[in-house]
Amino acid sequence: MPRPDLSHTQVSQILNRLEESVRETFREAFSPQNNPVPSSLPVVPQQPHQDTSTTEETETARLRRELQATREELKQAQAVAAAATRARCEFLAYMSHEIRTPMTAILGFTELLQNKTLSDEDQNRAVKTIRRNSNYLLDVINEILELSRLESGLLEIEKLQVHPIQIGREVVDQLSEQARALNNTIHLEIEGTVPETIQTDPTLLKQALVNLLTNALKLTTEGHIRLTLSCEPSQQAFCFRVSDTGMGIPTDQRQHVFQPFRQAAATTTDKRGKAGSGFTIISRIAELLQGEIRLEQDASEHSEFTFAIATGPLDQVRMLSSQEAGELDLPDPRSFSANSRLQGRILVVEDNLDNQRLIRFLLNRAGAEIMIAANGQQGVDMALQSESPFDLILMDLQMPVLDGYQATIALRAAGYTGPIVALTAHALTGELERCLSVGFDDCLTKPIDRNVLIPQIAARLARKSTSVTR
1 MPRPDLSHTQ VSQILNRLEE SVRETFREAF SPQNNPVPSS LPVVPQQPHQ
51 DTSTTEETET ARLRRELQAT REELKQAQAV AAAATRARCE FLAYMSHEIR
101 TPMTAILGFT ELLQNKTLSD EDQNRAVKTI RRNSNYLLDV INEILELSRL
151 ESGLLEIEKL QVHPIQIGRE VVDQLSEQAR ALNNTIHLEI EGTVPETIQT
201 DPTLLKQALV NLLTNALKLT TEGHIRLTLS CEPSQQAFCF RVSDTGMGIP
251 TDQRQHVFQP FRQAAATTTD KRGKAGSGFT IISRIAELLQ GEIRLEQDAS
301 EHSEFTFAIA TGPLDQVRML SSQEAGELDL PDPRSFSANS RLQGRILVVE
351 DNLDNQRLIR FLLNRAGAEI MIAANGQQGV DMALQSESPF DLILMDLQMP
401 VLDGYQATIA LRAAGYTGPI VALTAHALTG ELERCLSVGF DDCLTKPIDR
451 NVLIPQIAAR LARKSTSVTR
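As structure tokens, then:
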């Protein structure tokens, strides 16, 4: 608690009363009547009288210093609180803008599509606009959820042996179609020698790399994006360097680039209108993986980000040259595409009618035979009572009567061994682990994307044995 601001007079009065009280006590305790002085008692020299005004001034000065320090602490606390309030207000303002802007386009062009007088060209343009803004809105929502999860402090970090070259290949392949749409090229390079494996969290690592490369694509048209892998064994650090030939980040914005939802001055809406938190997410992931993220910009103003993480011990790990890394036999993520044909019977367990129609349409067009269950209990009954086994079950998680978790547990308890893939709207790291723990074979994230759904189902059906034991 802060001390009261006492004046010099008030302090003097308090000290005088205290001094008088002490004198009275000593007079009573050591009076000759109560304590006769022996004749042999030595005489103590009298100390010079202390100037009480000096003591009072010293005490007053001390109190004032403490009061001033308390006031300064209070000002600092008020400044921190005000900054937090401003940050919350800015966050809400940004979110309102980032959500309402694409929603305006989505709703507006959806209404226009109901106008039957539109030309085919106008209809195609409207559909592309809706698609683009829907993806934009999805990015915003995903970033908000992911940043909230990372800031919660409850995230459990895995330490697994992973192939960094394989992760690099997968990320580059995942974004290659997006790069081609912007007339960009994206490729992977190995610099020096790199370890075959490192110890890290593969999910967080891949997420950070996707964010970095996606940002490079947004800033680049008809250019080149490069992901370079290198290692500093003496420091046990693995580096992922992302460089591009895009417009770069303005000098006055670089100091804010890792702060959430700080919007760079946009030269074109499509290129840099988004006030995302992708870099903030990358920065948090770097901290969680015992690393760092650095931004460098060359004389031509092109951006280069270095994402460095801890490798774990490398004493027993094989080091690969760039040639050996290129020859490394790793699974090819491009085995299946959105145009792959599906052969098999698939049970879709989904309570939302619109999602039922969409999934049926996509899978039927790909060649699969589809059955629909409206809740988890129906799904369990249909799977166990079907005369011929299903080749795959797609299971939503949040459903009435019996949710996807409980339905899968019930199926596994009944001896069902066929593949079950979760359809989840919980787009957070850790959801896959939870799904696997209750008996799912894999997990797909909503919203449903044909370019992801068809290849993954094709790969799952290809791995399935020719006969399913129920």
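Heads up, the sequence shown is in UniProt numbering, so the first residue is 1 and it goes up one at a time.
Every residue, glycine too, gets a C-beta built ideally from N, C-alpha and C.
- Residue pairing for T306: DSSP places it in a beta bridge opposite R241 and R294.
- The residue among T424, G379, F109 and T311 with its C-alpha nearest the C-alpha of T408 is G379.
- At the C-beta level, E287 and R226 stay beyond 9 Å of one another.
- Residue burial is scored here from C-beta neighbours: A425 has fewer than 16 other C-beta atoms within 10 angstroms and is therefore classed as exposed.
- Under the 8 Å Cβ criterion, the region 202-217 counts as touching the region 279-296, having at least three qualifying pairs.
- Looking only at R460, F240 and T85, the smallest Cα-Cα distance to I198 is reached by F240.
- A373 sits in a strand when the DSSP states are folded into three classes.
- The residues I106 and F109, in chain order, have a CB closer than 6 Å to that of I130 in the same chain once the five nearest residues on each side in sequence are set aside.
- About 7 Å separates the CB atoms of L362 and I454; that is less than 8 Å, so the two are in contact.
- Residue pairing from DSSP places S230 in a beta bridge opposite C239.
- In the three-state reduction of the DSSP assignment, E143 falls in the helix class.
- Between the region 145-152 and the region 120-130 there are fewer than three C-beta pairs closer than 8 Å, too few to call the two in contact.
- With respect to the 9 Å criterion, L392 and I346 are classified as neighbours on the basis of their beta carbons.
- Judged by DSSP secondary structure, Q343 falls outside any beta strand (DSSP E); it is assigned neither H nor E.
- The DSSP-derived three-state label of M103 is helix.
- Under the DSSP assignment, E189 falls in the beta strand (DSSP E) whose first and last residues are T185 to I190.
- Excluding its 5 nearest sequence neighbours in each direction, S388 has C-beta neighbours in its own chain below 8 Å: R345, listed in chain order.
- Residue nearest to A325 within the set A82, I165 and A69 is I165 (criterion: CA-CA distance).
- A check of alpha carbon separations from I144 across I281, G291 and T445 identifies I281 as the nearest.
- In the structure shown, D449 adopts coil according to DSSP, grouped into three states.
- Rounded to whole angstroms, the gap between the alpha carbons of R412 and M371 is 20 Å.
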